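Shown next, in structure tokens, is the structure this report addresses.
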Amino acid sequence: MNGSLRKAEKDEIKKLETHLKNYTTYKVAISIIKKQLNHLVPGFVSRYEVDGRVTIESLGEELDRLSSVKVLKLYEEWLHYHIIVTSIDEAIAELDETESQFVTSRYLKGKTIVQTSFDLGYSEKYVFNIRKITLKKLLISLRCLIYL
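The opening residue of the sequence shown carries number 46 in the numbering used here; numbering runs sequentially from there.
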């Protein structure tokens, strides 16, 4: 039982690391999707209703059904990436300075452990300890991303 728990946690950490490594790609995707939405629907506005529905409006233009479906799919994709990026931003903000610097160097900038150890001024062995502690903290706050 203990071995399967460790394997499950390792799998969760791998998924979390994938999201962290793709952070800048997600940000680029958000920007591109936003441009596409503004091109398809000038004055694009979206809002959530209390009952969970999403309302998409265009300032001054009616959308035909086909355009509405395209816009909705783009919006859902934008929302997906937006949730990931804002969640990562919030989680990193709660880390201490060294842990935050580790995440920035290792995952957001894509550096190796060796390069990250130089950036932080610690030995590689100590950076692995920082990694372990940091990922455990991030796993608590970002576990929801594993299911996205």
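All residues carry an ideal CB built from backbone N, CA and C; glycine is no exception.
Bear in mind the structure is a predicted one, so any value in this text is a computation, not a measurement.
**Prompt:** If we call anything under 9 Å between Cβ atoms a contact, is Y126 one with Y192?
**Reply:** Locating residue 126 in the sequence shown gives position 81, counting from the first residue. Locating residue 192 in the sequence shown gives position 147, counting from the first residue. Taking 9 Å as the Cβ cut-off, Y126 and Y192 do not qualify as a contacting pair.
**Prompt:** Are L153 and T69 closer than 9 Å when you measure CB to CB?
**Reply:** In the sequence shown, counting from the first residue as 1, residue 153 sits at position 108. In the sequence shown, counting from the first residue as 1, residue 69 sits at position 24. Contact check for L153 against T69 passes: the beta carbons are separated by less than 9 Å.
**Request:** Counting only the same chain and skipping the five closest in sequence on each side, list residues whose C-beta sits under 6 Å from that of L180.
**Result:** As a first step, residue 180 is located in the sequence shown; it is residue number 135 there, counting from the start. Cβ neighbours of L180 beyond the five flanking positions: I58.
**Request:** Using the Cα positions of S150 and L187, report the straight-line distance between them to the nearest angstrom.
**Result:** Along the sequence shown, read from residue 1 onward, the residue named residue 150 stands at position 105. Along the sequence shown, read from residue 1 onward, the residue named residue 187 stands at position 142. Distance between the alpha carbons of S150 and L187 is about 19 Å.
**Prompt:** How many Å lie between A138 and N174 at the Cα?
**Reply:** Residue numbering aside, residue 138 sits at position 93 when the sequence shown is read from its first letter. Residue numbering aside, residue 174 sits at position 129 when the sequence shown is read from its first letter. The C-alpha of A138 lies about 20 Å from the C-alpha of N174.
**Item:** L184, enclosing alpha helix (DSSP H) - first and last residue
**Value:** As a position in the sequence shown, residue 184 is number 139, starting the count at 1. Its alpha helix (DSSP H) spans residues E169 to L187.
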